[in-house]
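2 protein chains.
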Amino acid sequence: MTNLLDRTAETAWIALIRGQQRALSSIEDELKAAGFPPLVWYDILLELDRSPEGALRNRDIEARMLLARYSVTRLLERMAADGLVNRRPCDDDARGVIARITPKGRRLRRSMWKTYERAIVRHFAAQYTKKEAKILGDLLARLSNGGAAPDRDWG
Amino acid sequence: MTNLLDRTAETAWIALIRGQQRALSSIEDELKAAGFPPLVWYDILLELDRSPEGALRNRDIEARMLLARYSVTRLLERMAADGLVNRRPCDDDARGVIARITPKGRRLRRSMWKTYERAIVRHFAAQYTKKEAKILGDLLARLSNGGAAPDRDWG
DNA sequence: TATCTTTTATTGCAATTGCAACAAAATAAC
DNA sequence: GTTATTTTGTTGCAATTGCAATAAAAGATA
């Protein structure tokens, strides 16, 4: 059997799972302790904040954040109830729903970032030099690009 | 304000979150598609399988896997209902509960590993050379050791 | 010893998530 | 143009998770 997992890679995989879980849950704890909503709300607000008009279709949020469809529906539902986003039907596609960030939503995002940033430093960035962070980021970026298949030489 | 997050580290953080999420959810999907229970069951079975007598106290599972206490209670409850573990009171501490893996549990773990291993290769290991995997693993291991505080020189 | 605190585990209830079914509109196929 | 397929979004219901309260035993303190 080819393509077996070698020990080095297995160790790296475990380090990835454990390390990420530890860092992320510490960070989420800090946000919660500061009275903020969960990180996924921040991520959605960020995507919206960065987009032209501060608006995106549900399906785009779904695609960018790898969320289940119903999660997007319900997350935006709750965020709308909190006045962080508005939702309106899409002009050129009657199936579509467009979520737009509100001023309150933008304020919350900025406010969360202060805590989030400190927490990232504390639980992640402080472990690395700039050079190391560059290496780490480059290696990890491969997991998001292409996904399942490794880069292949189709020559 | 000192200790601000620089761009390199921020990029690395995002790569960590995205990359891990992508790889892990692909892997979980493969396990589910093969009809297996979620990965956390595997992790518990592995911890038990490796332990002497194939048994651990709830609190040890909790500590090793960074799970909430009630999660451990309920996970083991369901796993026991499936005949994968037994539970019995702890001899020298009447508060304690000891979970022990059953033969069926050991078989399931081995069986899951076949799928899990292939999936790790596909969605993670295939992206890296052995050298790269070593570097990546070493860098990520820092997140699990020590946790919040960076290694400091108290001289 | 009696009392206070910490550790360990469980449980009721509310919130969230996941599954599967559904519906409406857009797109493709014929 | 009509029919089939795909895309997009929602929803009821079941399963899971999280919070907060509870309880019992162990350990610490006086």
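Same order as they appear, the protein sequences are chains A and B.
When we follow our numbering, the leftmost residue of the first sequence carries the number 167, and every step to the right adds one.
When we follow our numbering, the leftmost residue of the second sequence carries the number 167, and every step to the right adds one.
Built from N, CA and C at the ideal position, the CB exists for glycine as well.
It should be emphasised that the depicted structure is a prediction, and the values quoted were computed from it without experimental measurement.
Chain-ordered neighbours of residue i on chain A, where CB pairs are closer than 8 Å
| i | result |
| --- | --- |
| V238 (chain B) | Residues of chain A passing the Cβ test: none, with the nearest at roughly 15 Å. |
Residue range of the unbroken alpha helix (DSSP H) whose run includes residue i
| i | result |
| --- | --- |
| L170 (chain A) | Run containing L170 (chain A): none; DSSP gives neither H nor E here. |
| D304 (chain B) | 296 to 310 |
| L232 (chain A) | Unbroken run through L232 (chain A): none, as it is neither H nor E. |
Contact check, residue i vs residue j, beta carbons under 7 Å
| i | j | result |
| --- | --- | --- |
| G271 (chain A) | L250 (chain A) | yes |
| A178 (chain B) | L309 (chain A) | no |
| G220 (chain B) | R275 (chain B) | no |
| L171 (chain B) | V287 (chain A) | yes |
| V238 (chain B) | N224 (chain B) | yes |
| A193 (chain B) | A291 (chain B) | It should be pointed out that residue 193 (chain B) corresponds to Ile in this sequence rather than to Ala. Cβ atoms of I193 (chain B) and A291 (chain B): not closer than 7 Å. |
| L211 (chain B) | T281 (chain B) | no |
| A246 (chain B) | G303 (chain A) | no |
| K300 (chain B) | T174 (chain A) | yes |
| Q186 (chain A) | Q293 (chain B) | no |
| R230 (chain B) | E213 (chain B) | yes |
Boundaries of the beta strand (DSSP E) in which residue i is found, first to last residue
| i | result |
| --- | --- |
| A265 (chain A) | 263 to 267 |
Neighbouring residues, chain A, relative to residue i (Cβ below 7 Å)
| i | result |
| --- | --- |
| D226 (chain B) | The premise fails here: D226 (chain B) is roughly 16 Å from chain A at the closest Cβ pair, so nothing lies under 7 Å. |
| L214 (chain B) | Under the 7 Å cutoff, chain A gives no residues; its nearest Cβ is about 17 Å from L214 (chain B). |
Neighbour list for residue i in chain B, Cβ cutoff strictly below 8 Å
| i | result |
| --- | --- |
| A189 (chain A) | L182, L309 |
| L369 (chain A) | This structure leaves residue 369 (chain A) out entirely; chain A is present only between 167 and 321. |
Amino acids of chain B, ordered along the chain, whose beta-carbon sits closer than 9 Å to that of residue i
| i | result |
| --- | --- |
| L211 (chain A) | Those do not exist, as L211 (chain A) stays about 15 Å from chain B at its closest Cβ, beyond 9 Å. |
Chain-ordered neighbours of residue i on chain A, where CB pairs are closer than 9 Å
| i | result |
| --- | --- |
| L232 (chain B) | R184, Q187, R188, S191 |
### Query
Listed in chain order, which residues of the region 284 to 305 of chain B have Cβ atoms closer than 7 Å to some Cβ of chain A?
So the list reads I286, V287, R288, H289, F290, A291, A292, Q293, Y294, K296, E298, A299, K300, I301, L302, G303, L305, given in the order they occur along the chain.
#### Entry: Contact residues within the region 194 to 208 of chain A, judged by C-beta distance below 8 Å to chain B
Contacts with chain B (Cβ-Cβ distance below 8 Å) from the region 194 to 208 of chain A involve no residue at all.
### Task
Only counting runs of 4 or more residues, tell me where the alpha helix (DSSP H) segments fall wholly within the region 180 to 227 of chain A, in order along the chain.
Whole alpha helix (DSSP H) segments, 4+ residues: 205 to 216.
### Message
Using a Cβ-Cβ cutoff of 9 Å, what residues of the region 170 to 182 of chain A are near chain B? List them in chain order.
### Response
The residues in question are L170, L171, D172, T174, A175, E176, T177, A178, W179, I180, A181, L182.
### Task
Could you name each continuous alpha helix (DSSP H) segment of 4 residues or more that falls completely within the region 239 to 295 of chain B, going from the start of the chain to the end?
If we require 4 residues or more, the alpha helix (DSSP H) runs fully inside the region 239 to 295 of chain B come out as 269 to 289.
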